[in-house]
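Counting in the numbering used here, the sequence shown runs from 9 upward without gaps. Every residue, glycine too, gets a C-beta built ideally from N, C-alpha and C. Report on one structure; see the data block that follows.
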Amino acid sequence: MKFLLFLEIIVILIGILFGLYYFVFSKLQQDKINMTDVVINDIQDENISNYRNIALFGVDSQTNDLGAGNRSDAMIVASINKKTKEVKLLSLYRDTYVNVDRTEGSELTKLTHAYSFGGPKLAVSTINQNLDLNITDYVTVNFKALADTVDLLGGVDLDIQEAELGNLNDYIGNMNKINGGNSPKLTHGGLQTLDGNQAVAYCRIRYVGDGDFRRTERQRTVIEQIVAKAKKTNPITLSKIVKQVFPQTMTSLDSLDVLALAKDVFGYEIVETKGFPFHTTGTKLSGIYYGIPTTLESNVIEAHNFLFGTESYTPSDTVKNISNQIINYTGIQ
């Protein structure tokens, strides 16, 4: 009888696990694109194999359509150390002048255009080609997914600067229109708890401080807050996030990938965050602002040192050629 009871318990547990498995993955928008076709340069960096690199995109879609045609408002490379579970985040500045290989041909343009031109596949290929990375997986969310996550976690604590208030409040009004809701505008600076729409508005501030540099820093701060709060939350709240947020998420990760990442979620620790390019010069070309990496080649060397601890990295011929094209066209180095 005891053995039969034990078997019944095992069967029930298996049923619960399969139910949870189906519940989680029926909510995700599984990407049908063959991500094995993404561009990867001939990378001579032995250290890169010790890391799992995933591209994170935040797009300006106001619907659950997260593919091509949407601009990537946020682009982050999450590099996970396979042994230590330490995570480094590298924000990519949207105005960065890079090479984008469209179907119609190659062109030097803003990095953010890659997602709009060809969705996540072209965006990932562009990041790989210009930074000598080996990314084959990505996760894309829209504004509402981020706002809903923050709300379900009870908000995030952020230190707001007085100079940010005007631009922040403008974006709060904009997010209320896009996502719905009636999040109040802030009346003062200082440390305070922001709700979902307020937090997304904070991520979108562009015209205060060092422009896109400070903006991507704000985005990384919010992500760090979300991860920290998610680690402390309860299973009921996590299940609500799955139910409400996953339908607004698109990813190339399959079910086994997500389970493997979820298994170690409480062991992950964001240890360092930076922005790319590390060195850049802002200029206008044909009346349009671009951030020119100075140079792309030297910035890629620094990126590999930051992400993988590689000293004296030698960029691929592809990166060297793109770097020279940028110098020749802009005269900036």
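When you compare only the Cα positions, how much space is there between residue i and residue j?
{"i": "Asp265", "j": "Phe314", "result": "25 Å"}
{"i": "Ile340", "j": "Thr104", "result": "13 Å"}
{"i": "Tyr30", "j": "Asp272", "result": "Residue placement at Tyr30 is poorly supported in this model, since its pLDDT is 42, which falls under 50; the coordinates still yield a value, given next. Taking the straight line joining both Cα atoms gives about 20 Å."}
{"i": "Thr393", "j": "Thr157", "result": "Limits of the chain in this structure are 9 at one end and 341 at the other, which puts residue 393 out of reach."}
{"i": "Ser191", "j": "Ile180", "result": "7 Å"}
{"i": "Glu225", "j": "Gly283", "result": "8 Å"}
{"i": "Gly204", "j": "Asp159", "result": "5 Å"}
{"i": "Arg60", "j": "Thr241", "result": "25 Å"}
{"i": "Ala171", "j": "Thr44", "result": "45 Å"}
{"i": "Ile330", "j": "Val164", "result": "40 Å"}
{"i": "Lys328", "j": "Thr195", "result": "49 Å"}
{"i": "Gly174", "j": "Ile213", "result": "10 Å"}
{"i": "Gly23", "j": "Gly126", "result": "Legend: pLDDT at Gly23 = 38, less than 50; position of this residue unreliable, value from coordinates given subsequently. The alpha-carbon atoms of Gly23 and Gly126 are separated by roughly 40 Å."}
{"i": "Asn58", "j": "Thr144", "result": "15 Å"}
{"i": "Ala86", "j": "Glu115", "result": "26 Å"}
{"i": "Val106", "j": "Pro243", "result": "42 Å"}
{"i": "Ile334", "j": "Ile300", "result": "8 Å"}
{"i": "Leu293", "j": "Thr120", "result": "16 Å"}
{"i": "Thr326", "j": "Asn42", "result": "23 Å"}
{"i": "Gly189", "j": "Glu305", "result": "45 Å"}
{"i": "Lys193", "j": "Ile234", "result": "21 Å"}
{"i": "Met258", "j": "Leu269", "result": "16 Å"}
{"i": "Asn332", "j": "Leu199", "result": "45 Å"}
{"i": "Thr111", "j": "Leu130", "result": "10 Å"}
{"i": "Ala63", "j": "Val132", "result": "7 Å"}
{"i": "Asn307", "j": "Phe221", "result": "15 Å"}
{"i": "Lys239", "j": "Phe274", "result": "6 Å"}
{"i": "Thr318", "j": "Lys185", "result": "46 Å"}
{"i": "Arg102", "j": "Phe286", "result": "13 Å"}
Would you call the CB atoms of residue i and residue j closer than 8 Å?
{"i": "Ser124", "j": "Ala82", "result": "no"}
{"i": "Ile84", "j": "Leu74", "result": "no"}
{"i": "Ser69", "j": "Tyr146", "result": "no"}
{"i": "Arg228", "j": "Thr288", "result": "no"}
{"i": "Thr338", "j": "Thr291", "result": "yes"}
{"i": "Ile168", "j": "Leu176", "result": "yes"}
{"i": "Asn136", "j": "Val67", "result": "no"}
{"i": "Ile56", "j": "Asn138", "result": "no"}
{"i": "Ile51", "j": "Asp140", "result": "yes"}
{"i": "Leu98", "j": "Ala236", "result": "no"}
Figure out for me which residue from the options has the closest Cα to the Cα of residue i.
{"i": "Lys152", "options": "Cys211, Ile51 and Phe286", "result": "Cys211"}
{"i": "Gln256", "options": "Asp53, Phe65 and Val216", "result": "Phe65"}
{"i": "Val208", "options": "Tyr215, Asn187 and Leu199", "result": "Asn187"}
{"i": "Glu54", "options": "Arg79, Pro323 and Leu173", "result": "Pro323"}
{"i": "Gly72", "options": "Val253, Thr92, Asp140 and Thr195", "result": "Strictly speaking, residue 72 in this sequence is Asn, with Gly absent from that position. Selected option, being the one with the closest Cα: Val253."}
{"i": "Ile48", "options": "Thr134, Ser80 and Val108", "result": "Thr134"}
{"i": "Lys96", "options": "Val250, Ile231 and Thr289", "result": "Ile231"}
{"i": "Ser276", "options": "Thr92, Arg110 and Gly197", "result": "Going by the sequence as given, residue 276 is Tyr instead of Ser. The option with the nearest alpha carbon to Tyr276 is Thr92."}
{"i": "Ala155", "options": "Leu202, Val308, Lys239 and Asn78", "result": "Leu202"}
{"i": "Asn78", "options": "Asp50, Pro128, Thr111 and Arg110", "result": "Pro128"}
{"i": "Asn150", "options": "Lys248, Lys237, Asp140 and Met183", "result": "Met183"}
Sort out for me which residues DSSP pairs residue i with in a bridge.
{"i": "Met83", "result": "Phe65"}
{"i": "Gln200", "result": "Leu166"}
{"i": "Phe284", "result": "Leu100"}
{"i": "Leu293", "result": "Ile296"}
{"i": "Ile278", "result": "Val95"}
{"i": "Tyr179", "result": "DSSP output for Tyr179 lists no bridge partner at all."}
{"i": "Lys118", "result": "Tyr105"}
{"i": "Arg110", "result": "Gly113"}
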